[in-house]
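Notes follow the structure.
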């Protein structure tokens, strides 16, 4: 039977488009299916969402020719981690990482959704990718490929189906992939603010008893904040007026950036951990949130997704150049082996970190202050943590190293 | 598929089941599937280098005639056909031929599978640009006569990759005790240690057959990563050579 596409991707979010770009760049025939037309996805204005991209993620985008088209990119020059309690200020012990300690330049970059999404969509438009405003409703795998039914009634045949369809991945569900996970009992509020004093490219992470508060520098005296609270308080905060929200936020924030004001929409995300027990199934692979949703404590969600993209693209093109059938289970297993270990380690680390810090137990507070102080005092350990945060450790895919596929 | 169509449905079902077995990455031929990416990396890069082909192009092996000796279920023949080569797969075991044919047809690949031997094809005067002679030489009765036939099968300037197992205490431990008895990867009696050949012996045989050995590389199993990789230095168990017909 003839194939319409080598690979069909379900889900045109950031991971889905990047996946499609990476695969099309090496000659795969790719279809990208999303119910929302690209025009609509592109038209969204500034809504406050932004991403802390690790160097490894920046390199993926750079290699695919998307990076240089981005505006308002703010380099993260320093990360300051502080243990604190609302209204009490921060404890004297503070962990500070500076980009001067690694050779690669800034530790990461803040990029706004309103710039990243259109840049990816523009690149997709210029590429050979077939974009379909449609939804995958069914897929059936067989010995040579997968037959995919779309909501419009169209049927397409591909060698492989990639699910970039988010935490409630229908591709995963229909493939019989089970998930493990739990609710953190915490809710994250995400928004953008303006502030009086310059942020100097410094990212702050305050560990409060109710959960971490991250202040991530944007350009033009703006910052993106990720404010985590216990879920029992979340509904009240969610329902507050903007003024009430700011009154609640200001004491947590302190005065180091001067007065603050809201600059974007407010988003509320209940925090859950959800990892697919398998990242692959018959003629199907899962990427990004479809494979793993981790705590956003270190901003690693999109970074992990882009690493999935880089790893899967590499495995598929290597298989194609060897003459292998790209959708065969042994090829897909290589992707799962590569990414599952990393992802599980990341989930465990962020979870432990969060449990240790989201706590007002004086003993734990003492222990983590000693830990922060010790980490500060040991240069080798500090450098390792910086490189980890910048996404420069582990078995990096070629795209994440800035090398072409 | 002329051959397959003359046999009855019961036979076809049986061969389909055998094809599924050959091609199950976790089945009976798991060790071959695990080694296969590594073998393919080696073979494709050697062919690309010798015939100046770009592996990033579509159908990089277009126009090359490749003979896969001891093709089994077609684990090497199918990838070569996907890369655009004209492939003849030969196996001395008759039952492998319909099995390989059924699988290739299912995959939409056109491969000329034949129940024959290298010596018989050589006698007919047919020649090839490339011979894949992988994990065969340790199983033949007269390696020298076999390699001479391979020489005759190559066009002048043609290339042969030949892999086998080294003969030393480590290869005995790994390939026979490990693979056949401990891991049960291979049926007991698959290999006879005395038939294993050292890289120096193999290169001497190849030279005597009129072939210029141009490369030798090890296939090394890494038990931590549970995968195979290529090595310039470690040829102590599984290894592969490339030689060119003068």
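Residue numbers (this note's numbering), protein chains in the order written: chain A, 790 to 1194; chain B, -15 to 230. Cβ coordinates follow ideal geometry from the N, Cα and C atoms, glycine included.
Exposed or buried, which one is residue 1080 of chain A when buried takes at least 16 other CB atoms within 10 Å? Buried, by the Cβ-count rule.
Quick check: the Cα distance between residue 1195 of chain A and residue 1032 of chain A, rounded to an integer number of angstroms? Nothing in the structure corresponds to residue 1195 of chain A, since chain A is present only between 790 and 1194.
8 angstroms is my cut-off, CB to CB: does residue 90 of chain B come that close to chain D? Of the chains in the structure shown, none is chain D; the protein chains are A and B.
Taking 8 angstroms as the cut-off, does the stretch 1109 to 1116 of chain A touch the stretch 60 to 67 of chain B (at least 3 CB pairs, one atom from each stretch)? A contact exists between the stretch 60 to 67 of chain B and the stretch 1109 to 1116 of chain A.
Within 10 angstroms of the Cβ of residue 1016 of chain A, are there 16 or more other Cβ atoms? Answer buried if so, exposed if not. Residue 1016 of chain A should be labelled buried.
Return no unless some Cβ of chain B is closer than 8 angstroms to the Cβ of residue 796 of chain A. Cβ-Cβ to chain B under 8 angstroms: no for residue 796 of chain A.
Going along the stretch 1106 to 1136 of chain A in order, which residues come within less than 9 angstroms of chain B, judged by CB to CB distance? Correct list: 1106, 1107, 1108, 1109, 1110, 1111, 1112, 1113, 1114, 1117, 1118, 1119, 1120, 1122, 1123 and 1126.
Would you please state the rounded distance, in angstroms, between the beta carbons of residue 50 of chain B and residue 112 of chain B? I believe it to be under 8 angstroms. Yes, residue 50 of chain B and residue 112 of chain B are in contact; Cβ-Cβ is about 6 angstroms, under 8 angstroms.
Interface positions of the stretch 2 to 26 of chain B facing chain A (Cβ-Cβ less than 7 angstroms), listed along the chain: From the stretch 2 to 26 of chain B, only 9, 17, 21, 24 and 25 have a Cβ closer than 7 angstroms to chain A.
Can you list, in chain order, the residues of its chain whose CB lies under 6 angstroms from that of residue 1125 of chain A, leaving out five sequence neighbours each side? When the five nearest sequence neighbours on each side are left out, the beta carbons in the same chain lying within less than 6 angstroms of the beta carbon of residue 1125 of chain A are those of 1068 and 1069, in order along the chain.
Taking 7 angstroms as the limit between beta carbons, can you name the residues of its chain near residue 1100 of chain A, skipping five residues before and five after? Annotation for residue 1100 of chain A: 1124, 1127, 1128 and 1186 place their beta carbon closer than 7 angstroms to its own, counting only its chain and skipping 5 residues before and after.
How far does the beta strand (DSSP E) with residue 863 of chain A in it extend, from its first residue to its last? Start and end: 863 to 865.
Since residue 145 of chain B and residue 26 of chain B should fall inside the 8 angstroms C-beta cutoff, what is the C-beta to C-beta distance between them, to a whole number of angstroms? About 7 angstroms separates the two Cβ atoms, so the contact holds.
Taking the beta strand (DSSP E) that residue 149 of chain B belongs to, which residues open and close that run? For residue 149 of chain B, the enclosing beta strand (DSSP E) has its first and last residue at 138 to 149.
Cβ-based burial, residue 1094 of chain A [other Cβ within 10 Å; buried from 16]: Classification for residue 1094 of chain A: buried.
Taking residue 918 of chain A as the reference, give the member of A/936, A/1072, A/815 and A/872 with the closest Cα. Looking at the Cα atoms, A/815 is the closest of the given residues.
Hey, would you say residue 1092 of chain A sits closer than 8 angstroms to residue 845 of chain A, going by beta carbons? Their beta carbons are under 8 angstroms apart, which means residue 1092 of chain A touches residue 845 of chain A by this criterion.
Note the first and the last residue of the continuous alpha helix (DSSP H) segment covering residue 920 of chain A. Boundaries for residue 920 of chain A: no alpha helix (DSSP H) harbours it, while the beta strand (DSSP E) harbouring it runs 919 to 921, taken from the DSSP string.
Under 9 angstroms (Cβ pairs) to chain A, residues found in the stretch 145 to 169 of chain B: Listed by position along the chain: nothing, the set is empty.
Residue-level contact to chain B via CB, residue 933 of chain A, 8 angstroms cutoff: Closer than 8 angstroms: yes.
Could you give the DSSP three-state label for residue 991 of chain A: helix, strand or coil? Here residue 991 of chain A carries a strand assignment [DSSP, helix/strand/coil].
Could I get the ranges of all uninterrupted alpha helix (DSSP H) runs contained in the stretch 1077 to 1127 of chain A, with 4 residues as the minimum, in chain order? Listed in chain order, they are 1090 to 1111.
Work out the CA separation of residue 3 of chain B and residue 80 of chain B for me, nearest whole Å. Taking the straight line from one Cα to the other gives about 9 angstroms.
For a cutoff of 8 angstroms on Cβ pairs, would you count residue 816 of chain A as touching chain B? At least one chain B Cβ lies under 8 angstroms of residue 816 of chain A.
At what residues does the alpha helix (DSSP H) containing residue 177 of chain B begin and finish? Annotation: residue 177 of chain B is outside any alpha helix (DSSP H) and is labelled neither H nor E by DSSP.
Under the three-state reduction of DSSP, which class applies to residue 119 of chain B: helix, strand or coil? If DSSP states are grouped into helix, strand and coil, residue 119 of chain B belongs with coil.
Would you kindly report the start and end of the unbroken beta strand (DSSP E) that includes residue 1195 of chain A? Outside the displayed span of chain A (790 to 1194) sits residue 1195 of chain A, for which this structure offers no information.
As a quick exercise: from A/854, A/935, A/1065 and A/910, pick the residue whose alpha carbon is nearest that of residue 828 of chain A. The option with the nearest alpha carbon to residue 828 of chain A is A/910.
Span of the beta strand (DSSP E), counted from its first residue to its last, around residue 50 of chain B: According to the DSSP assignment, residue 50 of chain B belongs to the beta strand (DSSP E) that extends over 49 to 53.
For the stretch 952 to 971 of chain A against the stretch 111 to 126 of chain B, are there 3 or more C-beta pairs whose distance is under 8 angstroms? Put simply, the stretch 952 to 971 of chain A does not touch the stretch 111 to 126 of chain B. Fewer than three CB pairs are less than 8 angstroms apart.
What first and last residue would you give for the beta strand (DSSP E) that runs through residue 1020 of chain A? From DSSP, residue 1020 of chain A is part of no beta strand (DSSP E) but of the alpha helix (DSSP H) over 1020 to 1028.
Say whether chain A places a C-beta atom closer than 8 angstroms to the C-beta of residue 63 of chain B. By this cut-off, residue 63 of chain B is an interface position.
In chain A, which residues lie with their C-beta within 7 angstroms of the C-beta of residue 66 of chain B? In chain order: 1112.
Within this structure, are the beta carbons of residue 768 of chain A and residue 948 of chain A separated by less than 8 angstroms? With chain A covering only 790 through 1194, there is no way to say anything about residue 768 of chain A.
Which residues in the same chain have their Cβ closer than 8 angstroms to the Cβ of residue 38 of chain B, if we skip the five residues on either side of it in sequence? Hits under 8 angstroms: 32 and 44.
What does the Cβ neighbour count give for residue 839 of chain A, buried or exposed, with the cut at 16 atoms within 10 Å? With 16 or more other Cβ atoms inside 10 Å of its own Cβ, residue 839 of chain A counts as buried.
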